[in-house]
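Encoded as structure tokens, the structure appears first; notes follow it.
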């Protein structure tokens, strides 16, 4: 007798698995894995699935939903005029899952689940597993059947051998709705792909595309964890965008938000009349800053739901990486809470052990099933082992955003140059911990919102000095250990603070200073990819040597990067408006050193202070006098 074959015959709404519904998507193994929290392809078992016969002819749609505490569940939608009395769903044994098969309907049908909770109150909910949705503010789920045929097999094969920690990674962070207003996924597949390719970025990172009801949340308050937002087109249209990026040799990273979800009654909140996906105790289940609910990470089915969501995007949409948002808020039970507002773990500590388990399972499973992808953590504390392997007790991420570097460098540059001598450690401190994790250096959307202004406007001085500082920063950043991320608009020095309701100020690129910065970023990206010393040893201290680390009075640093073959590459950054005509600069080896990047180049809007090739012939005196322009970064390559 199967584990789900026993059922209470007095309850007509209970069936053994597959007994009454020959078109069910759920077998006994599915039910077992769901109960254990280990169904890695949950989206194939739950939700809405179009069923066809062996000839391909439409039969109907099978629906299923997990609602263990519901008294009754009905399928409502276009097909039955949203009448909850027409199609009452059947509970499968003791699994907590309800299902029904509706013949002669197919893709495009709008639906919800009407759920009667323990208190007798009915609420209409969107399908947690829905793979397509109505366009917000409408909230129904939509039956989806993909017809897309992928053309990126070469990319996927190459990706399986990708060693991200020793590869050039330069990420362009994009909010799809405001990169250019009004574009669809398929239009973005032309315009965005062409632009990113021209600018030389290796990857794009999309702010959350998972469906969300509130535009100003930027996608970070998700209601459908398996559906791309319908604002810009269909799921197949989004696949076309990803496919087009891969065809252009550009990887795709998505922001993924397992930390919390909104309280909308029609979504996950109190899904079956009880706190199902969230904790019932607000000290564990509510986020005090965002007014959202926190997942119950310790519940098998909830943990399975989240891990499956991550795997879904990697599997069905060929996504190359996930950047996990707000990891710090998941790791600490007292995050943004005062004494008495949080509950210690079983050991009396503040660590959220259940969230740790979820993150470890998500990262390890993702890397196991999809070789070559990247799992990236936005983690803003000193939690140890974010990028350590799970087998050694780490969280298992491939990279962690280096929020400390971002904060320190921007704070340093906000000081007037005459005062930077007193804050030189803010420029150099990051090297002390640069190899404690595998880092990505982010200049993200978070730095250009909420009154912070655009990057170019953070710096003191006149307009020329501001733009020169920005160019110098990019040269410094791309040479510093760690992978790179830059938010859209920053590559051409947008003036206005970013808003999701306004497109980028593309007209600025018709003006010289903005064209210059845009050209500078493109050429930095091109050079970066050509110089293994700038990325092969990002995660090893052997890849970095200070040449000038303590010349705070000059606002100047210089360092060498090294590749696997022992070939050096030199970066000099001057964050002072004063130039140096004869600066005695140390070099790591003899040879002829040629300037290959100068952010003060006239073509970028600079003053044009440049160097002839520097020849070092005496191994006992590895230095030479060089010209260093104001507010600029120079890269030297040995011939």
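In full-length UniProt numbering, the protein residues as written are 1 to 639. Positions of the beta carbon are idealized from the N, C-alpha and C atoms, including for glycine.
In three-state DSSP terms, what is residue i?
i, result
"residue 317", "coil"
"residue 537", "coil"
"residue 88", "strand"
"residue 179", "helix"
"residue 514", "helix"
"residue 227", "strand"
"residue 296", "coil"
"residue 210", "strand"
"residue 464", "helix"
"residue 484", "strand"
"residue 415", "coil"
"residue 44", "helix"
"residue 397", "coil"
Here's the rule I'm using: 16 or more other beta-carbon atoms within 10 Å means buried, otherwise exposed. How should residue i be labelled?
i, result
"residue 216", "exposed"
"residue 595", "buried"
"residue 181", "exposed"
"residue 555", "buried"
"residue 221", "buried"
"residue 76", "buried"
"residue 636", "buried"
"residue 507", "exposed"
"residue 250", "buried"
"residue 163", "exposed"
"residue 93", "buried"
Looking at C-alpha atoms only, which residue of the options is the closest neighbour of residue i?
i, options, result
"residue 22", "53, 232 and 262", "53"
"residue 631", "451, 63 and 476", "476"
"residue 573", "318, 82 and 551", "551"
"residue 73", "95, 356 and 116", "116"
"residue 514", "470, 544, 498 and 479", "470"
"residue 600", "580, 586 and 618", "580"
"residue 481", "546, 519, 78 and 413", "546"
"residue 544", "343, 564, 592 and 607", "564"
"residue 70", "304, 29, 87 and 119", "119"
"residue 485", "364, 171, 523 and 26", "171"
"residue 45", "185, 80 and 31", "31"
"residue 537", "25, 437, 521 and 138", "437"
"residue 409", "442, 418, 382 and 139", "442"
"residue 585", "418, 184 and 616", "616"
Report the rounded CA-to-CA distance for residue i versus residue j, giving the unit in angstroms.
i, j, result
"residue 388", "residue 353", "17 Å"
"residue 259", "residue 330", "6 Å"
"residue 448", "residue 370", "33 Å"
"residue 366", "residue 257", "15 Å"
"residue 504", "residue 191", "14 Å"
"residue 629", "residue 578", "7 Å"
"residue 452", "residue 167", "32 Å"
"residue 386", "residue 338", "25 Å"
"residue 130", "residue 463", "50 Å"
"residue 398", "residue 285", "28 Å"
"residue 525", "residue 534", "11 Å"
"residue 97", "residue 142", "20 Å"
"residue 560", "residue 621", "16 Å"
"residue 613", "residue 639", "9 Å"
"residue 727", "residue 401", "Absent from the model: residue 727. The displayed extent of the chain is 1 to 639, so no value can be given."
"residue 512", "residue 439", "34 Å"
"residue 230", "residue 187", "14 Å"
"residue 598", "residue 412", "21 Å"
"residue 583", "residue 430", "25 Å"
"residue 450", "residue 292", "19 Å"
"residue 271", "residue 301", "13 Å"
"residue 8", "residue 91", "Any reading at residue 8 needs caution, since the residue's pLDDT is 35, under 50, leaving its predicted position unreliable; the model's value is listed next. Distance between the alpha carbons of residue 8 and residue 91 is about 11 Å."
"residue 281", "residue 294", "10 Å"
"residue 623", "residue 433", "28 Å"
"residue 218", "residue 261", "13 Å"
"residue 640", "residue 424", "Past the edges of the chain, shown from 1 to 639, lies residue 640, and the structure says nothing about it."
"residue 316", "residue 607", "50 Å"
"residue 633", "residue 478", "10 Å"
Report the start-end ranges of each beta strand (DSSP E) in the region 326-388 that is 3 residues or longer and not cut off at the edges. Entirely contained in the region 326-388, the beta strand (DSSP E) runs reaching 3 residues are, in chain order, 374-377.
Hey, which unbroken runs of the beta strand (DSSP E) at 3 residues or more fall wholly within the region 569-624? Fully enclosed beta strand (DSSP E) runs of 3 or longer: 580-586, 591-598 and 614-616.
Just list the alpha helix (DSSP H) runs in the region 77-125, keeping only unbroken ones of 4 residues or longer that don't cross its boundaries, in chain order. As far as the region 77-125 is concerned, it has no whole alpha helix (DSSP H) run of at least 4 residues.
Enumerate, from N- to C-terminal direction, the unbroken alpha helix (DSSP H) stretches of 4 or more residues contained entirely within the region 122-203. Segments of the alpha helix (DSSP H) lying fully in the region 122-203: 153-159, 176-179 and 185-199.
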